[in-house]
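Top line first, the protein sequences correspond to chains A and B. Just so we're aligned, residue 36 is where the first sequence starts under our numbering, counting upward by one. Just so we're aligned, residue 123 is where the second sequence starts under our numbering, counting upward by one. First comes the structure, then the notes that go with it.
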Amino acid sequence: MRLHRRRSRQRLTNNDMANSSAPLIAIIEDEAPIQKFLQASLHVEGFRVVQATTANEGVRLITQEHPAIVLLDLGLPDADGISVITSVRGWSSLPIIVLSARGEEKSKIEALDAGADDYLTKPFGVGELLARIRSALRRAARPSGDGEDHTFRFGHVHGDLAARQVFVEESEVKLTKLEFDLLALLVRNRDRVLTHQYLLREVWGPGSANEPHYVRVFMANLRKKLEKNPSRPEHLLTEQGIGYRLRTTT
Amino acid sequence: MSDQERPTPEQMLARIRSESTEAASASSEGKLRLFFGYAAGVGKTYAMLQAAQAMKRDGREVVIGYVEPHARPETQALTEGLEELPRLEVSYRGSVLHELDLDATLARKPEFVLVDELAHTNAPGCRHAKRWQDVEELLAAGINVLSTLNVQHVESLNDVIAEISGVQVRETVPDSILERADEVTLIDVSPDDLLERLRQGKIYVPKQAAFALEKFFRKNNLVALREMALRHAADRVHDDVEVARLGSASNRPWPTNERLLVCVGPSPTSAKVVRAAKRLADRIHAPWIALHIESASAAQWTDTDRLQLHRNLKLAESLGGEIVQASGDDVSQELLAYASSRNVTKIVVGKTGEQTNRWWRRPNSLVDRLLRDSGNMDVVVVRGVDEPHPDSASWYSRSSNLPPLRWLEATIYTVAATLITLLMNRAGFSEANLVMVYLLAVVATASRCGSLPSFAASVASVLIFDLLFTQPYYRVTVYDSQYLVTFGVMLIVGLLASTLTSRVRYQTDAARRNERRAEALYRLSRRLAKTAKTADLLRETEQIISEVFDAHAVIYLPNDERKVRPILGHVASFAASAKEFATAQWVLDHNEPAGAGTNTLPSSEAIYIPLSTPDNVAGVMAIQPAKSNTQLSIDARQLLETYATQIAFAIERNNLSERSQRAELESEAEKLRSSLLSAVSHDLRTPLAAIAGAASSLDANVNKESIDPASHDLLETIVDESQRLARLVENLLHMTRLSSGKVQINRQWQPVEEVVGSALHRLDHVLTDREVKVQIEGDLPLVNGDDILLETILVNLIDNALKYSPNHSPIEIQSERVSGGIAIQVADRGCGILPGDEEKIFEKFNRGSGKNTDRRGTGLGLAICDAIVRAHKGTITANNRPGGGTIVRFTIPNETTPPQIAPEIDE
Chain A
36 MRLHRRRSRQ
46 RLTNNDMANS
56 SAPLIAIIED
66 EAPIQKFLQA
76 SLHVEGFRVV
86 QATTANEGVR
96 LITQEHPAIV
106 LLDLGLPDAD
116 GISVITSVRG
126 WSSLPIIVLS
136 ARGEEKSKIE
146 ALDAGADDYL
156 TKPFGVGELL
166 ARIRSALRRA
176 ARPSGDGEDH
186 TFRFGHVHGD
196 LAARQVFVEE
206 SEVKLTKLEF
216 DLLALLVRNR
226 DRVLTHQYLL
236 REVWGPGSAN
246 EPHYVRVFMA
256 NLRKKLEKNP
266 SRPEHLLTEQ
276 GIGYRLRTTT
Chain B
123 MSDQERPTPE
133 QMLARIRSES
143 TEAASASSEG
153 KLRLFFGYAA
163 GVGKTYAMLQ
173 AAQAMKRDGR
183 EVVIGYVEPH
193 ARPETQALTE
203 GLEELPRLEV
213 SYRGSVLHEL
223 DLDATLARKP
233 EFVLVDELAH
243 TNAPGCRHAK
253 RWQDVEELLA
263 AGINVLSTLN
273 VQHVESLNDV
283 IAEISGVQVR
293 ETVPDSILER
303 ADEVTLIDVS
313 PDDLLERLRQ
323 GKIYVPKQAA
333 FALEKFFRKN
343 NLVALREMAL
353 RHAADRVHDD
363 VEVARLGSAS
373 NRPWPTNERL
383 LVCVGPSPTS
393 AKVVRAAKRL
403 ADRIHAPWIA
413 LHIESASAAQ
423 WTDTDRLQLH
433 RNLKLAESLG
443 GEIVQASGDD
453 VSQELLAYAS
463 SRNVTKIVVG
473 KTGEQTNRWW
483 RRPNSLVDRL
493 LRDSGNMDVV
503 VVRGVDEPHP
513 DSASWYSRSS
523 NLPPLRWLEA
533 TIYTVAATLI
543 TLLMNRAGFS
553 EANLVMVYLL
563 AVVATASRCG
573 SLPSFAASVA
583 SVLIFDLLFT
593 QPYYRVTVYD
603 SQYLVTFGVM
613 LIVGLLASTL
623 TSRVRYQTDA
633 ARRNERRAEA
643 LYRLSRRLAK
653 TAKTADLLRE
663 TEQIISEVFD
673 AHAVIYLPND
683 ERKVRPILGH
693 VASFAASAKE
703 FATAQWVLDH
713 NEPAGAGTNT
723 LPSSEAIYIP
733 LSTPDNVAGV
743 MAIQPAKSNT
753 QLSIDARQLL
763 ETYATQIAFA
773 IERNNLSERS
783 QRAELESEAE
793 KLRSSLLSAV
803 SHDLRTPLAA
813 IAGAASSLDA
823 NVNKESIDPA
833 SHDLLETIVD
843 ESQRLARLVE
853 NLLHMTRLSS
863 GKVQINRQWQ
873 PVEEVVGSAL
883 HRLDHVLTDR
893 EVKVQIEGDL
903 PLVNGDDILL
913 ETILVNLIDN
923 ALKYSPNHSP
933 IEIQSERVSG
943 GIAIQVADRG
953 CGILPGDEEK
963 IFEKFNRGSG
973 KNTDRRGTGL
983 GLAICDAIVR
993 AHKGTITANN
1003 RPGGGTIVRF
1013 TIPNETTPPQ
1023 IAPEIDE
């Protein structure tokens, strides 16, 4: 998966500001009922919405309207949704959330590898949708690079990436080097789903692609050290068949 | 250990081989125990029965397959208490013969069976010609056999014993069966005791053999036989010791790398040379090759010669030699060339004494030439070849077999030459011209009639010329000594011409035969290369073979149950009988030729050859010569076997292509099915997603007080039910995919905790009021399964536990290691399972009977779990829990060894 350093959303918001203060959401979805429900729900929440029903139309919409975020259905009539991600990623790093059905883990991974930021499995509730949209917007707005805050906090865990320190409640937890690297990577991409292959490559190096169980075993160790109940994790979540997500809110 | 003492790779190989055959015989094949003696009456049967009684006392299952019914009262007494299988009754020429009932024994399948007289020849109509073949089949079926054998029946000792005792024993047992015997018990009494027993009438003597036996039971004879038996047994013990010694390498190196070659010809005494070679090879532990070289002289062989050659080669084969046939003009050169190409160290030939140094032949015999040219190979010359070696065979003895028609032809040429010369003489031609005419006649005779007639023609020409055209006329005497030169030249030219032409003629014949064969083979392979339905292909093949061999050919193919069915291309009457069918079936089952001309089921009308590829018997080919009472020559047999291989591969190829076509069709159907599935699932999911989403959206606005609490409840119901429907659709899809067997299991190593955790996370919203206890054994190894499918199992099991147990009752999830994998169980405190339903609840659309029916559910959940666990080759069971409730437990076996994760070294 390509990770794009988030650019400041300055240009986009400026553009938005010209019309209204509410962020613009582009929905690329060919099913009218879903489109209707998305539009209604988002509108109530104060977002502005533009819509497209095909991949071509969608790409045109993104180039013309400069939305703050894109909701993309993978099964479009004219082309694969992944082709939309690739063409948008050619020139923009705006957040893309993929909508797909259960049992399509392969295409979800492909979409994430192509540069999608997140995915939602249908059927989903509006609460979940809004949470994902907000966290994606928050991440996009977060300044990247040197200004990044290296302290973090989720649940009863907090720490400092620069100092390589992690605390549960107030007592420091000793992590091994790899455990810490894994946690740091999740923290830097908090609330995003990271695929197994990406974690393996980033933490264990490019030669480790044949040892996918490493990530799982180290993840289990992290849970034992950080989660209150490791078999019912609240933060270090498994996205079955895809990878992991560090959920900072509960 | 020094280099000399270390076993060579060959020795180790030999040991491994013998160990692996031991292991094989220990695991699947039965063991053979032989009671070995030097004559009838030494007490073999008695000893065998004693051993049987002892084994029975040890609690082993011993039955009598066949013991000679003539036994003495003492022997008879020993059969008491042993189960005796009924004998097979075969009526033959008016009398009833008793034989071992092979099929009954195979069906009874005892642990041990007694079969007396291993060398016995079965009555015609039995499956095998010889009893030792019956025993081989019993051993192959895993039945242990106890049997008896006398030394004179051992094939390789047969001729020596015939010489000693003067009695030719016809019933022989190949050495191979003796060598494979796991135990040989030597039964010995002194000859004096034996003779005493004979005098007391304690030894059974069949009336018809009384005379031979009388000759046999002489003291010096018995002493010699006893020595043979003792020596043979001692050799065996020696071998066992050697095998053990090779393993320990405690002594000097073993002489390996020896290879022996024996020349085989069509004379009956060649068999003797073969036996001698076998004994020699055994003694030096060398593999041996029986080589026959067909030279020009083969043209003059009679059918008897060919048959004898066939027998000699068969004998060599049965004695464990490798059979090779080659052809060439110069036997000694061919032989040496072949020998050096195979790294032969010793050549065994028969002594060809009487025809050395004929003036008109090369002045040395085969033996002489071999001795001269053999280089560093040893040449062992074996005594006692009463007839000349086939190649050096005198022409005279062979040519007498030429049909009289050729003689007539030769006479006509000579007479015609005489008439012409008479006319020419009258016309005044010179004598030199007349000689030319005679020469022409001699050459013509040589080319048309063979060597002996042409030789006779040249002698006759000389005589007639002498009588008619030299002075004094009409007298054999010659005045002018010049004519002696003329006569001499005529004679020599005649001889040379006849030699040359006969050789050319033989070569032409051979070339023509080869061409015919090559043409037939080419035609067959071209036909086989064409793609067609197997049945059509084989029908044409049958036709080609029928033409080439002038025989009826039928090919049988096995059906799905491995039963043969003939492909009847043309009418072959023999294929219809049940007996022939049985032979074909036997060949298919045993992958060995049988039928006419073989030792198995020889009373069949046709010979049956398996069509075998390296890993399968694709069918059986039956050949019945069109002329009755003729047997296929060894040439034809070899050619047939070449054909058989080609046909077998063609059948295999056809089978494969048919299979791949079927697979292609299936995959097409599968593609259609899966595209239909995804269309249906899309059509079901989309409205569900819209309903769930819209309802949740409305519900979210409750807080904003645009909706009253009653509506909130309704909205919640809509959301929950649409979620449930979505899960149902998902389950239906899973079930369809799983039951079509097309689900790819993507096995990965993962901690059980993670699977349990993600399943619980998915069910978070329905687990709100439940206590979930998770107990996972510390240090539990990783589980080797498909992450998504494992989660599906757990989601379904936990969902079921929720559905079928009262609110607020706890759900317990446990996992532990089992041998070769991981077990996970989900337990609840619900209503349990009705007795007898433990299996049924895993069936599709079964929701358990009775009290549970008010609960909601499709009954698909457990069926899906079952299908997923099966796809992982695991097991799943459901049981009532002590104290109330249900436990569903499943195991996921490891497909490979679990990976080790090296502990991280923390700096």
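Ideal Cβ placement from N, Cα and C applies to all residues, glycine included.
**Beta-carbon proximity list for L855 of chain B, same chain, < 7 Å, skipping 5 on both sides** = Residue 855 of chain B sits at position 733 when you count from the first residue of the second sequence. If the five residues before and after L855 of chain B are omitted, its C-beta is found closer than 7 Å to the C-beta atoms of L799 and S803, all from its own chain and listed in chain order.
**Asked** Any Cβ of chain A within less than 8 Å of the Cβ of I986 of chain B?
**Response** Taking the second sequence and counting its residues from 1, one reaches residue 986 of chain B at position 864. So, not an interface residue.
**Request:** List the residues of chain A whose Cβ lies closer than 7 Å to the Cβ of I910 of chain B, in chain order.
**Result:** Residue 910 of chain B sits at position 788 when you count from the first residue of the second sequence. Under the 7 Å cutoff, chain A gives E140, Q275 and G276.
**Message:** Checking 8 Å against the spacing of the C-beta atoms, do A297 of chain A and S118 of chain A come in under that value?
**Reply:** In the structure as shown, chain A begins at 36 and stops at 285. Residue 297 of chain A is therefore absent and cannot be evaluated.
**Request:** Mind checking which residues open and close the beta strand (DSSP E) that includes A67 of chain A?
**Result:** As a first step, residue 67 of chain A is located in the first sequence; it is residue number 32 there, counting from the start. Element bounds for A67 of chain A: not the beta strand (DSSP E) but the alpha helix (DSSP H), A67 to V79.
**Request:** Return the chain-ordered list of same chain residues with a C-beta closer than 7 Å to the C-beta of H242 of chain B, the five sequence neighbours on each side being excluded.
**Result:** Here residue 242 of chain B refers to the residue found at position 120 of the second sequence. Annotation for H242 of chain B: R253 and E293 place their beta carbon closer than 7 Å to its own, counting only its chain and skipping 5 residues before and after.
**Message:** If I follow the unbroken alpha helix (DSSP H) through H887 of chain B, where does it start and stop?
**Reply:** Locating residue 887 of chain B in the second sequence gives position 765, counting from the first residue. DSSP places H887 of chain B in no alpha helix (DSSP H); its state is neither H nor E.
**Request:** Starting from N1001 of chain B, follow its DSSP beta bridges and name the residues at the other end.
**Result:** Here residue 1001 of chain B refers to the residue found at position 879 of the second sequence. Answer is B:I1009.
**Message:** Considering Cα atoms alone, identify which of B:M546, B:F771 and B:L710 is closest to R649 of chain B.
**Reply:** The residue given as residue 649 of chain B occupies position 527 in the second sequence. Nearest to R649 of chain B by C-alpha distance, out of B:M546, B:F771 and B:L710, is B:F771.
**Request:** Take T284 of chain A as the anchor and find which of A:D216, A:G240, A:S243 and A:G190 has the nearest alpha-carbon.
**Result:** Counting from one through the first sequence, the residue named residue 284 of chain A turns up at place 249. Ranking the options by Cα distance to T284 of chain A, first place goes to A:G190.
**Request:** In angstroms with no decimal places, state the Cα-to-Cα distance between G1006 of chain B and Q232 of chain A.
**Result:** The sequence position of residue 1006 of chain B within the second sequence is 884, counting from 1. The sequence position of residue 232 of chain A within the first sequence is 197, counting from 1. Going from the Cα of G1006 of chain B to the Cα of Q232 of chain A covers about 45 Å.
**Asked** Candidates B:A262, B:N342, B:A949 and B:I955: which alpha carbon is nearest F1012 of chain B's?
**Response** As a working note, residue 1012 of chain B is residue 890 in the second sequence. Comparing Cα-Cα distances from F1012 of chain B to each of B:A262, B:N342, B:A949 and B:I955, the minimum goes to B:A949.
**Item:** Simplified DSSP assignment, three categories, for Y678 of chain B
**Value:** For the purposes of this step, residue 678 of chain B is taken as the residue at position 556 of the second sequence. Note: Y678 of chain B maps to strand in three-state DSSP.
**Prompt:** Where does the unbroken alpha helix (DSSP H) through P195 of chain B begin, and where does it stop?
**Reply:** By 1-based counting over the second sequence, the position of residue 195 of chain B is 73. Residue range P195 to L200 is occupied by the alpha helix (DSSP H) that includes P195 of chain B.
**Message:** List, in chain order, every chain A residue whose beta-carbon is nearer than 8 Å to that of P809 of chain B.
**Reply:** Taking the first residue of the second sequence as position 1, residue 809 of chain B is located at position 687. Those are P68, listed as they occur along chain A.
**Message:** Once the 5 residues before and after D304 of chain B are set aside, which same chain residues still bring their CB inside 6 Å of it?
**Reply:** The sequence position of residue 304 of chain B within the second sequence is 182, counting from 1. Cβ neighbours of D304 of chain B beyond the five flanking positions: K153 and L154.
**Item:** Cβ neighbours of A539 of chain B in the same chain (closer than 6 Å, five flanking residues each side left out)
**Value:** Locating residue 539 of chain B in the second sequence gives position 417, where the first residue counts as 1. Answer for A539 of chain B: V559, Y560 and A563, listed in chain order.
**Message:** Are the CB atoms of H248 of chain A and P1021 of chain B within a distance shorter than 8 Å?
**Reply:** As a position in the second sequence, residue 1021 of chain B is number 899, starting the count at 1. As a position in the first sequence, residue 248 of chain A is number 213, starting the count at 1. Yes, the pair counts as a contact, with Cβ atoms nearer than the cut-off.
**Cβ neighbour criterion (16 or more within 10 Å) applied to D886 of chain B** = The residue labelled residue 886 of chain B in the question sits at position 764 within the second sequence. By the C-beta density criterion, D886 of chain B is exposed, having fewer than 16 other C-beta atoms within 10 angstroms.
**Request:** Return helix, strand or coil for D551 of chain B, following the three-state DSSP convention.
**Result:** What you label residue 551 of chain B is simply residue 429 of the second sequence in a count that begins at 1. Here the sequence assigns Phe to residue 551 of chain B, which means Asp is not the residue at that position. Coil at F551 of chain B, not helix or strand.
**Request:** Mark L541 of chain B as exposed unless 16 or more other C-beta atoms lie within 10 angstroms of its C-beta, in which case mark it buried.
**Result:** Counted from its first residue, the second sequence places residue 541 of chain B at position 419. The residue is exposed, with fewer than 16 neighbouring Cβ atoms inside 10 Å.
**Message:** Helix, strand or coil, according to DSSP, for S734 of chain B in the structure here?
**Reply:** Indexing the second sequence from 1 puts residue 734 of chain B at position 612. Note: S734 of chain B maps to strand in three-state DSSP.
**Request:** With 8 Å as the threshold, decide whether the Cβ of T879 of chain B is near any Cβ in chain A.
**Result:** Along the second sequence, one-based indexing puts residue 879 of chain B at 757. This sequence places Gly at residue 879 of chain B; Thr is not what is there. Output row for G879 of chain B: interface = yes.
**Prompt:** How far does the beta strand (DSSP E) with S449 of chain B in it reach, from first residue to last?
**Reply:** Taking the first residue of the second sequence as 1, we reach residue 449 of chain B at position 327. First-last of the beta strand (DSSP E) with S449 of chain B: E444 to S449.
**Prompt:** Exposed or buried, which one is Y596 of chain B when buried takes at least 16 other CB atoms within 10 Å?
**Reply:** Translated into positions along the second sequence, residue 596 of chain B becomes position 474. Per the 10 Å Cβ criterion, exposed.
**Asked** Could you give the uninterrupted runs of the beta strand (DSSP E) lying entirely in the region 917-973 of chain B, keeping only those of 3 residues or more?
**Response** Segments of the beta strand (DSSP E) lying fully in the region 917-973 of chain B: 933-940 and 943-949.
**Asked** Per DSSP, I265 of chain B is paired with what?
**Response** Locating residue 265 of chain B in the second sequence gives position 143, where the first residue counts as 1. For I265 of chain B, DSSP records no beta bridge to any residue.
**Item:** Chain-ordered neighbours of S818 of chain B on chain A, where CB pairs are closer than 7 Å
**Value:** Numbered from 1 along the second sequence, position 696 holds the residue referred to as residue 818 of chain B. Scanning chain A for C-beta atoms nearer than 7 Å to the C-beta of S818 of chain B yields G160, V161 and G162, reported in chain order.
**Request:** For the region 760-781 of chain B, enumerate the residues whose C-beta is nearer than 9 Å to any C-beta of chain A, in chain order.
**Result:** Answer set for the region 760-781 of chain B: empty.
**Message:** Does I325 of chain B come out as helix, strand or coil in the three-state DSSP assignment?
**Reply:** Within the second sequence, numbered from 1, the residue matching residue 325 of chain B stands at position 203. Per DSSP, reduced to three states, the secondary structure at I325 of chain B is coil, with no helix or strand assignment.
**Asked** Which chain A residues are close to H883 of chain B, counting only those with a beta carbon under 8 Å from its beta carbon?
**Response** Locating residue 883 of chain B in the second sequence gives position 761, where the first residue counts as 1. Neighbours of H883 of chain B on chain A, chain order: R267, P268, L272 and T273.
**Asked** Does H191 of chain A get closer than 8 Å to chain B when you measure Cβ to Cβ?
**Response** Position 156 of the first sequence, counting from 1, holds the residue named residue 191 of chain A. With 8 Å as the cut-off, H191 of chain A does not count as an interface residue toward chain B.
**Message:** Please identify the residue among B:V164, B:S931, B:K685 and B:K793 whose C-alpha is closest to the C-alpha of R319 of chain B.
**Reply:** Residue 319 of chain B sits at position 197 when you count from the first residue of the second sequence. Looking at the Cα atoms, B:V164 is the closest of the given residues.
**Near-chain B residues of the region 90-111 of chain A - C-beta to any C-beta below 8 Å** = So the close ones are G110.
**Request:** Name the residue from B:P873, B:L660 and B:P932 whose alpha carbon lies nearest to the alpha carbon of V894 of chain B.
**Result:** Position 772 of the second sequence, counted from the start, is the residue given in the question as residue 894 of chain B. Among B:P873, B:L660 and B:P932, the Cα nearest to that of V894 of chain B is on B:P932.
**Message:** Between the alpha carbons of S287 of chain B and F338 of chain B, how many angstroms are there, rounded?
**Reply:** Here the question's residue 287 of chain B lines up with position 165 in the second sequence. Here the question's residue 338 of chain B lines up with position 216 in the second sequence. Distance from the CA of S287 of chain B to the CA of F338 of chain B, rounded to the nearest whole angstrom, comes to 6 Å.
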